[in-house]
Structure formats: structure tokens, C-alpha cells
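Right, dumping it as C-alpha cells:
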């Protein structure tokens with residue numbers, strides 16, 4: 593919970609990791625990729641305030657104590673959601689696995705929700721394993737990495753028929769929140785695995801599922817927004833938007849927030865700090881203090897209300913994940929305003 | 234260094250200034266992607282390019298290195314050209330492919346199925362949208378019935394015309410200011426079209442912001458050092 597100016601905010605960090613990218617965990621022969629990956633993440637941290645930058649050795653592998661401190665002792669987070677990324681091709685025990693997340697969550701009851709992941713290239717065996725993980729860890733969501741390398745394959749698409757089987761299984765198991773990494777393009781070659789068109793496809797087909805597009809499709813927010821206005825079950829995951837822009841590029845942050853509010857509206861934006869790329873403390877405090885600057889270029893966008901910020905920082909995610917919000921932290925008047933979008937006139 | 238050599242370096246720098254990051258629609262020289270640009274007394278040019286992350290998409294990277302090669306190779310008087318992308322996971326493949334004048338598919342044998350024309354086309358289409366917002370926003374009047382000739386001259390207008398020409402779209406004074414780059418027709422719903430143009434511009438500029446910030450963090454640059462090569 594975060595309190596400022598007499599207002600209380602229930603904070604859900606919907607995008608956190610507990611990873612091990614230390615050299616001991618690098619697969620032999622794949623060191624270049626394992627090292628390049630974590631250094632790439634580390635460079636992103638450079639977009640946050642200088643006093644929050646970590647040295648690379650701490651960033652490669654951080655302790656449980658540090659994570660608990662950064663999120664819950666000083667970071668204002670009430671509930672954190674783990675989003676695993678396996679990357680077993682490069683990291684021996686995986687980079688950030690469901691199992692590692694679940695082990696940590698088990699030691700701190702009530703603090704974490706554990707999401708898992710799937711990869712349709714694993715066929716029927718993977719389907720079975722998914723079901724086991726969901727039942728064992730009580731997962732209500734999955735995090736998908738469509739660009740993950742696997743043998744000769746440089747990624748997969750949600751449009752693949754195999755992916756549909758997994759999404760059907762998710763529906764059956766009550767795993768209704770499908771987080772998809774659609775962020776800054778990294779590896780895929782001409783087959784662009786971070787293109788958002790495959791989300792469009794499955795959002796239409798799977799109306800019972802929520803599709804949270806992490807990093808709002810950056811660097812293609814326009815494709816994402818246009819798609820999201822057509823699909824009522826598509827949400828914007830704000831990891832990278834807040835962490836990567838609010839401090840480093842405040843004007844663009846304002847524009848991006850303005851556009852997201854304009855096209856998607858206050859009920860579709862989901863905060864995530866993306867720990868340990870960025871710590872939640874400065875993001876939560878900064879976002880509560882932030883508002884649309886008075887600037888001619890931003891005149892299309894209204895300021896954010898306190899209620900809108902409460903929704904974005906936690907109440908929207910709480911709704912998707914059925915997280916119980918203490919009465920004093922709920923909105924007094926839960927009426928929501930329809931997103932503006934652009935009327936067809 | 235002689236004046237001649239200084240002149241050659243300036244000519245090479247200017248040539249690099251015509252090469253754009255296809256997605257951001259900004260010159261490599263402004264983005265800080267040129268780490269080194271030298272021409273020795275014998276007219277041999279050495280150019281090193283760099284990108285914001287180790288994993289920047291290899292398709293964009295390939296386009297930029299190949300375009301830089303073509304642009305600099307056209308500078309008169311050069312006797313040799315050594316152009317390379319540094320610190321990228323696909324540096325070797327890209328550098329070899331560009332030096333051998335191979336296409337993208339041949340360079341990434343078995344990993345790529347298409348040349349990059351479609352990708353480039355998509356980005357130019359977006360550049361037209363973003364450019365339309367830039368021009369219309371400073372106009373202060375309803376752009377719906379205006380032509381390009383109604384807009385006061387500006388670098389933004391020149392840039393918009395250039396991008397429209399790249400797509401084969403009309404770009405003369407009498408041609409309409411609002412034009413859907415995908416269809417080449419006047420948009421039916423101008424309000425929606427302009428909102429999308431604004432969004433496209435926001436997207437490109439936000440990306441450019443992220444890229445610049447990442448490059449700064451990666452190479453410990455100050456803001457002033459960006460774009461100095």
C-alpha cells in the first residue's frame with residue numbers, strides 16, 4: 593500500500609522476476625547469448641534514476657532478501673505477480689523459471705502470485721506439464737515469450753494451430769490471463785516474433801481469456817493500440833513504459849500515457865515494475881506524483897485522476913486476478929468511464 | 234591532416250547522414266550510431282557503427298549497415314571502404330554479408346525467408362503518417378481540404394514529401410495534404426486518420442527516446458555526445 597496526500601493506493605506489481613543469470617548458470621557454448629541477454633537487460637536499468645542502478649554482478653543474481661526488501665519493505669507493493677522466462681537454451685537451470693518463482697512464493701505466503709509459461713513446440717508432453725504446473729502452483733496466468741529460441745527455431749506464433757491447443761487448455765484450467773512479451777525487438781530475423789498481429793488473432797478466437805500485451809508492443813505502440821481498440825479482452829502491460837520512459841524520457845512518457853488512455857482507457861492499463869530491471873519504489877512514487885504536463889503538444893490529453901491512477905497501479909490487475917482488495921483501498925465510486933477511442937463520425 | 238582529407242571525412246559523414254534507422258526514420262549520425270568515421274591520407278575510409286543493444290533486431294541492423302555501405306561507396310575519391318557493425322550478436326554475419334554484397338537471405342542462410350523490402354515499405358508508410366502529424370500539428374488550421382502547397386515550407390514538409398515519393402505517392406504542391414499511405418487515397422474519416430497519425434508519431438518518437446537512452450547507458454555517453462560520432 594502506498595499513501596500520498598491522504599489517498600491510499602493498492603499496488604500490484606504485475607511483472608516481476610526472480611532470475612539467475614550468473615555465469616555459473618550459463619550453458620557451455622552459449623555464453624555469448626547468456627551474457628548478452630543479461631547485459632541487454634542491465635542496459636535497460638540505465639533508463640531509471642542513477643541512484644537505482646546496480647552493478648552487473650548483483651544484477652546477474654540477486655538474493656531473496658533483496659527482492660523482498662525492494663518490493664515489499666520499501667517498494668509499496670501489496671501483491672507481486674511472477675512472470676517466468678525460461679531461456680533454457682542459454683541458462684542451465686533456466687533464467688527465471690516457474691519452479692524458482694514458486695519456491696520463493698511458498699516462503700512468503702500472500703505476497704506473490706505465480707504465473708507459469710508454455711511453449712507450443714513442446715507438443716502433447718508440454719500440454720501435460722502445463723496442466724501439472726498450473727495445478728501444483730495455482731497459476732492464474734501465463735507469460736509467453738514468442739521469440740524464445742529452441743533448437744533451430746527462432747520463435748513461434750500465437751496463430752500456430754499448436755498454440756490454440758494450449759490456449760484451450762488454459763481456458764479449461766481457469767488460467768485466464770495470458771501475458772505476452774511484445775517488446776523491443778531483439779532476436780528474430782525477418783520473421784518478427786514480436787509483431788502483435790498474432791494477439792489480434794487469438795483475442796478474437798478466445799473471448800474467455802484476457803490478453804495482456806507486455807511493454808505495449810513497443811516499438812510498435814500504434815499497431816498495438818489499433819488492435820487493442822478492436823478487441824475488448826486486450827490489456828496494456830506497462831512494464832518498460834513506466835520504468836523505461838517516465839524518468840529517462842518524461843515527454844514521451846506523457847505522450848504514450850496519453851495515447852494509451854485515449855485508445856484503451858483507464859480499465860485496461862496494468863502496472864508492472866519489471867523487477868529487477870527496475871525497482872518499484874521510484875516508479876510507484878513517481879507515477880502517483882506524475883501528471884500530464886501543461887504543454888501545447890499534449891493538449892489532446894486530459895490529466896489523470898487519482899481514481900485512474902489507483903486502477904492502473906493495482907485495482908485493474910486485482911480484478912483480472914481476483915485479488916482481494918481491502919475495503920479501504922477500493923474506489924469509493926467504482927463507476928468507470930468508457931474509453932474515448934475515436935468515434936466513427 | 235590535409236584539407237582534402239578533412240573534406241573527404243565531411244563528405245563521408247554527410248553520406249552517412251542520408252542513412253536512416255528504418256524504424257525511427259532518423260539519420261544514423263543523429264542517433265549516435267556512428268562510433269567512428271575516419272578517412273586516411275590515401276582516401277581509405279574506416280567506419281564503425283554501433284547500436285543501443287546487443288540484441289537489436291538483425292533485420293534492421295542489416296538494412297542500416299547495407300545502406301551505409303551504399304551511401305559511403307558513392308562518395309567520390311575514396312580508395313577503400315572498411316565498414317563494420319560492432320558489439321552485436323550478429324555482427325560477423327552482417328559484416329560478411331554486406332562486404333560481400335549479399336542480400337539478407339543469403340547472409341542469414343537458413344534463418345531468413347524474405348528480403349527486407351516489405352519491412353522497409355512498412356516503415357516508410359509509418360514515416361508518412363508520423364510526418365503528416367508533424368506538419369498538421371503546427372498548422373493551426375483544419376488540414377482536411379488543404380494541399381501540400383498550402384503548407385508553409387519547412388524541413389518537416391520536405392521530409393514528408395520525400396517519404397511520400399519513396400512510396401510512389403504524389404508529393405507536388407497541388408496534391409492533397411492528407412493521404413492514406415496504404416491506399417494512396419484521401420482518408421474517408423479524417424479525424425480518425427489524424428489520431429492514428431499522431432499515435433504513429435508518438436510511437437516512433439518514444440522508440441527513438443528508448444534507443445537514445447539505451448545507447449547512452451551502453452556507451453556511457455552524455456547527452457551532448459550523441460550524434461557526434
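Protein chains in written order, with the working numbering: chain A, 593 to 937; chain B, 234 to 462. Where is the CB? At the ideal position from N, CA and C, for every residue including glycine. This one's a predicted model, so the numbers in the text were calculated from it and none came from an experiment.
Residues near residue i by beta carbon distance below 7 Å, same chain, minus five either side
i, result
"residue 800(A)", "763 and 768"
"residue 423(B)", "377 and 411"
"residue 431(B)", "366"
"residue 903(A)", "858 and 859"
"residue 813(A)", "848 and 851"
Sequence-distant residues of its chain with Cβ nearer than 6 Å to residue i (five each side left out)
i, result
"residue 780(A)", "Confidence in residue 780(A) is poor, its pLDDT being 47 and thus under 50, which makes the residue's placement too unreliable to answer from."
"residue 323(B)", "291"
"residue 845(A)", "837 and 838"
"residue 867(A)", "608"
"residue 677(A)", "687, 688 and 737"
"residue 730(A)", "none"
"residue 413(B)", "420"
"residue 915(A)", "671"
Endpoints, the beta strand (DSSP E) within which residue i is located
i, result
"residue 806(A)", "802 to 806"
"residue 318(B)", "313 to 318"
"residue 769(A)", "769 to 773"
"residue 280(B)", "277 to 282"
"residue 599(A)", "599 to 601"
"residue 270(B)", "267 to 272"
"residue 733(A)", "733 to 736"
"residue 813(A)", "Residue 813(A) -> not in any beta strand (DSSP E); alpha helix (DSSP H) instead, spanning 813 to 822."
"residue 594(A)", "594 to 596"
"residue 705(A)", "704 to 706"
"residue 608(A)", "604 to 608"
"residue 868(A)", "Segment: none, residue 868(A) is in no beta strand (DSSP E) and carries neither H nor E."
"residue 674(A)", "671 to 674"
Per-residue contacts from residue i into chain B (C-beta, under 8 Å)
i, result
"residue 812(A)", "436"
"residue 624(A)", "322"
"residue 639(A)", "443, 446, 447 and 450"
"residue 650(A)", "Chain B residues near residue 650(A): none, gap ~16 Å exceeds 8 Å."
"residue 837(A)", "439, 442 and 443"
Under 7 Å from the C-beta of residue i: neighbouring residues of chain B
i, result
"residue 534(A)", "For residue 534(A) there is no data in the structure shown, the boundaries of chain A being 593 and 937."
"residue 851(A)", "432 and 435"
"residue 844(A)", "438, 439 and 442"
Neighbour flag for residue i against chain B, beta carbons, 8 Å
i, result
"residue 878(A)", "no"
"residue 737(A)", "no"
"residue 636(A)", "yes"
"residue 841(A)", "yes"
"residue 830(A)", "no"
C-beta neighbour in chain A for residue i, strict 8 Å
i, result
"residue 447(B)", "yes"
"residue 322(B)", "yes"
"residue 443(B)", "yes"
"residue 396(B)", "no"
"residue 252(B)", "no"
Option nearest residue i by Cα separation, candidates the options
i, options, result
"residue 640(A)", "887(A), 883(A), 842(A) and 925(A)", "842(A)"
"residue 429(B)", "602(A), 817(A) and 787(A)", "817(A)"
"residue 663(A)", "603(A), 653(A) and 620(A)", "603(A)"
"residue 667(A)", "605(A), 872(A) and 897(A)", "872(A)"
"residue 742(A)", "726(A), 724(A), 759(A) and 710(A)", "710(A)"
"residue 320(B)", "405(B), 386(B) and 281(B)", "281(B)"
"residue 680(A)", "697(A), 657(A) and 611(A)", "611(A)"
"residue 341(B)", "328(B), 285(B) and 284(B)", "328(B)"
"residue 380(B)", "318(B), 261(B), 351(B) and 406(B)", "406(B)"
"residue 358(B)", "349(B), 402(B) and 241(B)", "402(B)"
Under 9 Å from the C-beta of residue i: neighbouring residues of chain A
i, result
"residue 336(B)", "Within 9 Å Cβ-Cβ: nothing; residue 336(B) doesn't reach chain A, min ~11 Å."
"residue 358(B)", "Correct list: empty, because the minimum Cβ distance to chain A is about 11 Å."
"residue 429(B)", "814, 817, 818 and 934"
Sequence-distant residues of the same chain with beta carbon closer than 8 Å to residue i, five excluded per side
i, result
"residue 721(A)", "714"
"residue 313(B)", "275, 276, 277 and 278"
"residue 656(A)", "610, 696 and 699"
"residue 835(A)", "636, 639, 640, 865, 866, 869, 870 and 875"
Chain A residues whose Cβ lies nearer than 8 Å to that of residue i
i, result
"residue 242(B)", "Under the 8 Å cutoff, chain A gives no residues; its nearest Cβ is about 30 Å from residue 242(B)."
Extent of the continuous alpha helix (DSSP H) run through residue i
i, result
"residue 366(B)", "350 to 370"
"residue 826(A)", "That residue, residue 826(A), is in no alpha helix (DSSP H); its beta strand (DSSP E) goes 826 to 829."
"residue 717(A)", "715 to 729"
"residue 630(A)", "623 to 637"
C-beta neighbour in chain C for residue i, strict 8 Å
i, result
"residue 695(A)", "No chain C is present in this structure, whose protein chains are A and B."
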